[in-house]
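Residue numbers (my numbering): 615 to 1078. Remarks on the structure that follows.
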């Protein structure tokens, strides 16, 4: 291996978190190599992926948001509908307009492969920085200054740190488990209480576009999301008992589950059968939930689903990973500016700070997502949670829930701290935390300037 003289990051995993991380490192001027086990990073698999308002700011910093708007890759959603088991509308509200009023952006919904292609195509010098068909075999520390990686094809590389962005079944995490103390990257940090049949297809005739529908049942529920050309569906089903062991379902098992619910209404007089008639992708998978107790070890650190996992019903998973990537790059950039070749101790201090910032917000999203998932399925709730979901929250209303529970958390969103977005979104109902800090500093600066000016000016004759 060659002697690396500059700080270099090795990214394992080219999913949403890994590709976004590559963009951020490029903008920060930090060298990197990204490795992924797939031959095609943008293969057509996976259903939907949403970017929440606070993270549209990151897409804007990466220079990607304009492409989304110009190419109409994520048509704006319009309303949220609560639908009963018979397919009748119970309530409807302009949730996405409210989001834009609160945050200056709305939620963007993509097909997963489409979002990955957007990130990959926009990545500068990707041919020299991204290598595919590379499955990690092992990693090891090289003294106190480097970390090495080996792939199953026999190739090797080394860098200053390894960032594991390789998903819920992280190979990086598995490699570390066999070297680190037992408290690090535990195998059973995630629990599984639900599974989901999720898919995407062509929008069927008669189904309104721009709508998110939630249809509760006992022990399971539907989530149906429609856009002008496509429809996404999720069928969430509670397991008989929670487990820590993942099951990988075959295609025929997905078909068997779908057959049980195909005649159930999904709204506008249609059934699940009508949605599946034009499906382009469908999969049955377990839904992991949890947060690992520690996110780093020596020169290895994890981001995204490799270290924290929420269920997809509130579309926070990719967003948590995106914010974690931004937080990590902010800390790395600050460290490297002071110490271009940081020690293992310095890196662990930075990794600790990264986890300290991100863990509380991640826990809050996990709590909210878990409550929402179980409320719609009517299972797994404590007596207090059941009372709150049936009597308190309906009286408070959707706008109150957004303004007082969801938006305050989104307003704490992390973006890159070295790329200025200006004041374009200062005048919003729920200011971002970092914008508030900038406002506070600007106000303080103005006050101090005025005081200084008043002290330097001579007193008027009247004052004398």
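We put the CB at the ideal spot given by N, CA and C, even for glycine.
Counting along the chain, the unbroken beta strand (DSSP E) around residue 840 starts and ends at 834-840.
Counting along the chain, the unbroken beta strand (DSSP E) around residue 771 starts and ends at 770-773. With respect to the 8 Å criterion, residue 697 and residue 881 are classified as neighbours on the basis of their beta carbons.
By alpha-carbon distance to residue 691, the top candidate from 1030, 901, 762, 843 is 843.
Between the segment 968-986 and the segment 893-908, the count of Cβ pairs shorter than 8 Å is three or higher; the stretches touch. Of the candidates 660, 1019, 1014, 660 places its Cα closest to the Cα of residue 630. Within the DSSP bridge table, the entry for residue 922 names 905 as partners. For residue 838, the number of other beta carbons within 10 angstroms of its own is at least 16, and it is reported as buried. The three-state secondary structure of residue 786, taken from DSSP, is helix. Pairing residue 1035 with residue 675, the inter-Cα distance amounts to about 7 Å. Taking C-beta separations shorter than 7 Å and ignoring five residues to either side along the sequence, the partners of residue 713 in its chain run 667, 720, 721, following chain order. When DSSP states are grouped into helix, strand and coil, residue 677 belongs to the coil group. Note: residue 910 is bridge-paired with 915 in the DSSP secondary-structure output. Shown here, residue 1033 sits in coil according to DSSP, grouped into three states, outside any helix or strand.
Residue 750 and residue 818 have their C-alpha atoms spaced approximately 42 Å apart. Of the candidates 897, 780, 725, the residue whose Cα lies closest to the Cα of residue 872 is 897. Under the 8 Å Cβ criterion, the segment 637-646 counts as touching the segment 943-951, having at least three qualifying pairs.
Counting C-beta pairs closer than 8 Å gives fewer than three between the segment 806-813 and the segment 959-970, which falls short of the contact rule. By the neighbour-count criterion, in which a residue is buried when 16 or more other Cβ atoms sit within 10 angstroms of its Cβ, residue 1024 is buried.
Put simply, the segment 740-755 touches the segment 777-795. At least three CB pairs are less than 8 Å apart. Closest option to residue 868, judged by alpha-carbon separation, among 885, 848, 858: 848. By the CB criterion at 8 Å, residue 774 and residue 621 fall inside the cutoff. Taking C-beta separations shorter than 7 Å and ignoring five residues to either side along the sequence, the partners of residue 885 in its chain run 876, 877, 878, 879, following chain order. In this structure, residue 813 and residue 914 do not form a Cβ contact; the two beta carbons are roughly 35 Å apart against a cut-off of 8 Å.
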